[in-house]
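Taking full-length UniProt numbering, I'd label the letters of the sequence shown as residues 1 to 370. For glycine and all other residues, C-beta sits at the position ideal for the given N, C-alpha and C. It should be emphasised that the depicted structure is a prediction, and the values quoted were computed from it without experimental measurement. Notes follow once the structure below has been shown.
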Amino acid sequence: MPATAPDSLLLNGRRYRYADIQQYPAHAGGDINGYEARVLDFCRQWLNGVQEFVLTTSGSTGTPQPITLRRSQLVASAQRTMSHLGLGLGQHMLVCLNCEFIGGLMMLVRAFEHGLHLTITEPVSDPFARVPADAAFDFASFVPLQLRAVLAGGHAARLEPMKAILIGGAAVDHSLSQLAGALTVPLYHTYGMTETCSHIALRRLNGPEASPYYRVLPGLHVEQDERGCLAIRGDVTSQELVQTNDLVRFAEHDHHLFEWLGRADFVINSGGVKVPAEKVEQVLEVTLAELGHAGRRALVTGRPDQRLGQQVTAVIEGAPLSAADWQAVLALLGQRLGRYELPRAVHYAGQFAQTASGKLDRRATLAMIE
1 MPATAPDSLL LNGRRYRYAD IQQYPAHAGG DINGYEARVL DFCRQWLNGV
51 QEFVLTTSGS TGTPQPITLR RSQLVASAQR TMSHLGLGLG QHMLVCLNCE
101 FIGGLMMLVR AFEHGLHLTI TEPVSDPFAR VPADAAFDFA SFVPLQLRAV
151 LAGGHAARLE PMKAILIGGA AVDHSLSQLA GALTVPLYHT YGMTETCSHI
201 ALRRLNGPEA SPYYRVLPGL HVEQDERGCL AIRGDVTSQE LVQTNDLVRF
251 AEHDHHLFEW LGRADFVINS GGVKVPAEKV EQVLEVTLAE LGHAGRRALV
301 TGRPDQRLGQ QVTAVIEGAP LSAADWQAVL ALLGQRLGRY ELPRAVHYAG
351 QFAQTASGKL DRRATLAMIE
C-alpha cells in the first residue's frame, strides 16, 4: 500500500488531529502545559499558511536576538535536507529538540512539508524515556547531550534502524565521537544557525564517510571574508549574504568542503600570537580523555596578563584534577600545541552553564570563576 501523508501528530503521548490544531486553542482538548501550547501554536500557524515567523537566536555567543524568517526560506531549507538524506512521505520522525529554537522548529517544518509522521516529546536528556518501547523511527535529531544519554541508557538498538540522525547545537567532543563511531546508522554533525534556517552543511561522524570536513548542501554559495570567516548566501537567506564569525579552512580541491576552526571572537592574542581558543579546547578534551578523564568538558579563554596581553587559561568542568594529573595533561599538550597555545593557568567549574537551547553559555560559565 502506498504511503500517505498523516493527518495528526503525537505530542507528549497525546494525539492531535491537524484539522483540530488549525482551530487551536478552541480544540486543544484537556490540560496542556506551556511548552505544548507553544508547539501547538506554531503548528497552527504553519498549517494555516502563515508567511512570517519571529524566532530568537540561541544566545551562545551573545545576547539572544529576535529574527524574522519567511515561510519560503524554511520550505527551501526543509526541501534541501530531506532530498539530501533521502527522507520523505510516510516515514516516522522523532522530534525531541526544543521547538522554540530553529533546530526543533525545522524538524516540524520538514515533517509538515514532506508528509512524515510526527512524534514530539518535550526536550529531556533521554528522549526514549518519553516514548513507547515499541515506537520505531526513521529520522531524529539530537543535541550531543541527548545522544550521550541515549547511548548511556542502552538505546543504541533503537537508533540503528533509522535512515539518518542529525547531531547539532553544540560541538561533539572526542569521547562522544568514539561512541558514535560504533553505530552504523548514518550520523551527521550539522553546521548552521537561526539566520540560515538551521544547517547549511553536514559532516559524517561515523562509517567510511566520516570526515572533519562539512559538506555544503547543494545550491548554496559560501565564501570567506578577509579574516577567513565563512559567509553564506542562498534561498535560505533570501539571497542576502550572511556573514558569520566562524573561522573555516576550505579543502584545497573543493570549496564546498570546509573545516570549522572556531569563532573569530574567541581568538586569544597571547604575546602577539593569535591562539584559536576552540582548537585548544578540542585538543585539551582529547588529552583529558586519553589520560583517564573521559567526558570532562573544557573551555579556554584569554585572561588579562601584563606581559603577554592575554594569558591562555583553561576551565575544566567537574572536580579539580590533582597537581600530578594536571602536570601529566600539560606534558602531553606540550607535544600537541604550540608554545603560546599551552594553558598557563587552570580553573574548575562544577558544571558548565548552558543556554535555553542547550548550548554552552561561555559568558555565564566564565562568570563562575571570576
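Span separating the alpha-carbon of residue i from that of residue j
{"i": "I268", "j": "T301", "result": "7 Å"}
{"i": "L366", "j": "Q351", "result": "11 Å"}
{"i": "T4", "j": "Y16", "result": "17 Å"}
{"i": "C96", "j": "V54", "result": "21 Å"}
{"i": "A135", "j": "A210", "result": "28 Å"}
{"i": "V346", "j": "I369", "result": "10 Å"}
{"i": "P276", "j": "I32", "result": "46 Å"}
{"i": "R110", "j": "S141", "result": "12 Å"}
{"i": "I320", "j": "W260", "result": "Before going on, a small fix: residue 320 reads as Pro here, not Ile. Cα to Cα, P320 sits roughly 30 Å from W260."}
{"i": "V329", "j": "Y24", "result": "56 Å"}
{"i": "G13", "j": "E252", "result": "49 Å"}
{"i": "L291", "j": "C43", "result": "48 Å"}
{"i": "residue 375", "j": "D41", "result": "Since the first and last residues shown for the chain are 1 and 370, residue 375 lies out of range."}
{"i": "T244", "j": "E317", "result": "28 Å"}
{"i": "F250", "j": "H256", "result": "7 Å"}
Test item: CB-CB of residue i and residue j under 8 Å
{"i": "T313", "j": "R344", "result": "yes"}
{"i": "V248", "j": "G234", "result": "no"}
{"i": "M106", "j": "M93", "result": "no"}
{"i": "S322", "j": "S198", "result": "no"}
{"i": "Y188", "j": "I200", "result": "no"}
{"i": "V315", "j": "A349", "result": "yes"}
{"i": "residue 384", "j": "G334", "result": "A query on residue 384 cannot be resolved here, the shown segment of the chain reaching from 1 to 370 and no further."}
{"i": "E205", "j": "I167", "result": "For clarity, residue 205 is Leu in the given sequence; the question names Glu instead. Yes; because the gap between Cβ atoms is below 8 Å, this pair is in contact."}
{"i": "T196", "j": "V242", "result": "yes"}
{"i": "K163", "j": "G86", "result": "yes"}
{"i": "L47", "j": "I21", "result": "yes"}
{"i": "E285", "j": "R303", "result": "no"}
{"i": "R80", "j": "G169", "result": "no"}
{"i": "G115", "j": "G88", "result": "yes"}
{"i": "A231", "j": "Q239", "result": "no"}
Residue i - DSSP class collapsed to helix/strand/coil
{"i": "C99", "result": "coil"}
{"i": "H114", "result": "helix"}
{"i": "Q306", "result": "coil"}
{"i": "L108", "result": "helix"}
{"i": "K279", "result": "helix"}
{"i": "F42", "result": "helix"}
{"i": "S211", "result": "coil"}
{"i": "G234", "result": "coil"}
{"i": "L220", "result": "coil"}
{"i": "R227", "result": "coil"}
{"i": "F352", "result": "coil"}
Residue i beta carbon near the ligand HEM (any heavy atom closer than 7 Å)
{"i": "Q146", "result": "This structure does not include the ligand HEM; it has no bound ligands of any sort."}
Bridge partners - residue i, DSSP secondary structure assignment
{"i": "K274", "result": "N269"}
{"i": "L11", "result": "R14 and I120"}
{"i": "T56", "result": "P66"}
task = Would you check if there are 3 or more beta carbon pairs closer than 8 Å linking the segment 134-152 to the segment 175-183?
result = Per the Cβ contact rule, the segment 134-152 is in contact with the segment 175-183 (3 or more Cβ pairs under 8 Å).
ask   = Do three or more CB pairs link the segment 153-166 to the segment 178-196 at distances below 8 Å?
value = Because the criterion of three Cβ pairs below 8 Å is met, the segment 153-166 and the segment 178-196 touch.
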